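Protein chains in written order, with this note's numbering: chain A, 2 to 153; chain B, 2 to 153.
The structure appears below as structure tokens.
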DNA sequence: GACGATTATTAGCCTTGTCTAATATTTGGC
DNA sequence: GCCAAATATTAGACAAGGCTAATAATCGTC
């Protein structure tokens, strides 16, 4: 053990290696990263199911910009984590947990996107930045974004 | 440098796997992630040098919330990429490239942070969210953030 | 129903980034 | 100057996420 200090940072997750307040922020970002891919996948799967009635790996691969084997590996992890169900050579379905996560993500994405557009950004840049930002905004920030986007 | 996207248009440069416009956004996010750790490190190293006169691995580890061996491995990569110089058992120095990147990151961080504060966020949440957001805002968005933060 | 094209999966490799445990070096107190 | 403590590094494991190449299954068309 290297650090056995004081002061767990208030907002953070479950891990203990504080010793510096900023460390909490960095750990939070790393934590967010671990969930990011899963969130993007379930969000995309929900969209595909809505738009086409099913989510096939080949379409996920095209939309995500990765190869089918990468999709397969990630889908295995999502299934292991209880977010999707799948059968070999069949398309993908969301579990209740997956669907809830997808809706949550869509909500956040929508707020961030509307906020950026309201700020005056062009549609393409807004979409691009929203994709990166949406996983890193707290509920508090999201509330402020929503208020700004909806103000008259 | 890393973020130079004044052009929103087509997924730049040399990659071949378009087929969907959204794919570009996801690839951009993955690209950003590859640089994120390097950016956080050089920014932190610059801060440590400014505050204490030198950047020691043990302090970097404490601030980043990781163990010293993780720091060592990352520092090797930063040295390989020409952002820092180091000698065994000595503290770390930024190259010109590293210093330039650090300044760029500090500028972005500062703008995002001031923007969030101006929006009405508390200091702690603002710092936390800025840490996550700063790597994912385009120059265009940053310009809008700066304008909002500085408006009278 | 068979066959070629499409799609999905498997196998295997690479890189990052995290960790612990063990070792090496430097530093500071005496 | 010596020795213990602090610090740095190395070694080695593991998980994630990306890829290519090869194989397997399904689908569409005849």
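Ideal Cβ positions, reconstructed from N, Cα and C, are used throughout, including at glycine.
Just so you know, these numbers come straight off a predicted model, no measurement behind them.
Check, Outcome
"C-beta contact flag for residue 38/B and residue 58/B at 8 Å", "no"
"For residue 106/B and residue 143/A, the rounded distance between their alpha carbons", "23 Å"
"Residue-chain proximity (residue 63/A, chain B), Cβ-Cβ < 8 Å", "yes"
"Through-space distance from residue 111/A to residue 147/A, alpha-carbon basis", "9 Å"
"Close Cβ partners of residue 137/A (< 8 Å) along its chain, the five nearest in sequence each way excluded", "30 and 33"
"Proximity to residue 97/B [Cα-Cα], best of 113/B, 83/B, 55/B and 115/B", "83/B"
"Paired residues, beta bridge with residue 86/A - DSSP", "94/A"
"Beta-carbon spacing of residue 124/A, residue 46/A below 8 Å", "no"
"Residues near residue 80/A by beta carbon distance below 8 Å, same chain, minus five either side", "86 and 87"
"Bridge partners - residue 1/A, DSSP secondary structure assignment", "The requested residue 1/A is not part of the displayed model; chain A covers only 2 to 153."
"Of the listed residues 44/A, 24/A, 25/A and 118/A, nearest to residue 95/A (C-alpha basis)", "44/A"
"8 Å contact criterion, which residue 41/B and residue 27/A should meet: CB distance rounded", "7 Å"
"Chain A residues whose Cβ lies nearer than 7 Å to that of residue 1/B", "Since the displayed chain B opens at 2 and closes at 153, residue 1/B lies outside it and no answer follows."
"Nearest-angstrom Cβ-Cβ length linking residue 108/A and residue 149/A, presumed shorter than 8 Å", "That pair is no contact at about 16 Å."
"Neighbour list for residue 51/B in chain A, Cβ cutoff strictly below 9 Å", "The contacting residues do not exist; residue 51/B stays about 15 Å from chain A at best."
"Other residues of its chain near residue 64/B: CB distance less than 7 Å, five sequence neighbours each side excluded", "45"
"For residue 66/B and residue 25/A, believed in contact at Cβ under 8 Å, the rounded distance", "7 Å"
"Neighbour list for residue 33/A in chain B, Cβ cutoff strictly below 7 Å", "133"
"Beta-carbon gap between residue 71/B and residue 129/A smaller than 8 Å", "no"
"8 Å Cβ cutoff, residue 145/A in contact with chain B", "yes"
"Reduced DSSP category for residue 71/A - H, G, I as helix; E, B as strand; rest coil", "helix"
"Cβ of residue 43/B within 8 Å of any chain A Cβ", "no"
"Residue-level contact to chain A via CB, residue 142/B, 8 Å cutoff", "yes"
"Minimum Cβ-Cβ distance from residue 128/A to chain B less than 8 Å", "yes"
"Local Cβ density within 10 Å of residue 1/B, reported as buried at 16 or more and exposed below that", "Lying outside 2 to 153, the shown extent of chain B, residue 1/B is not represented and no answer is given."
"Under the three-state DSSP convention, the category residue 66/A falls into", "coil"
"9 Å Cβ cut-off: residues of chain A touching residue 54/B", "The premise fails here: residue 54/B is roughly 18 Å from chain A at the closest Cβ pair, so nothing lies under 9 Å."
"Residue-level contact to chain A via CB, residue 114/B, 8 Å cutoff", "no"
"Residue 141/B vs residue 122/A beta-carbon contact at 8 Å", "yes"
"Under the three-state DSSP convention, the category residue 123/A falls into", "coil"
"Extent of the continuous alpha helix (DSSP H) run through residue 135/A", "Residue 135/A -> no alpha helix (DSSP H), and no H or E assigned at all."
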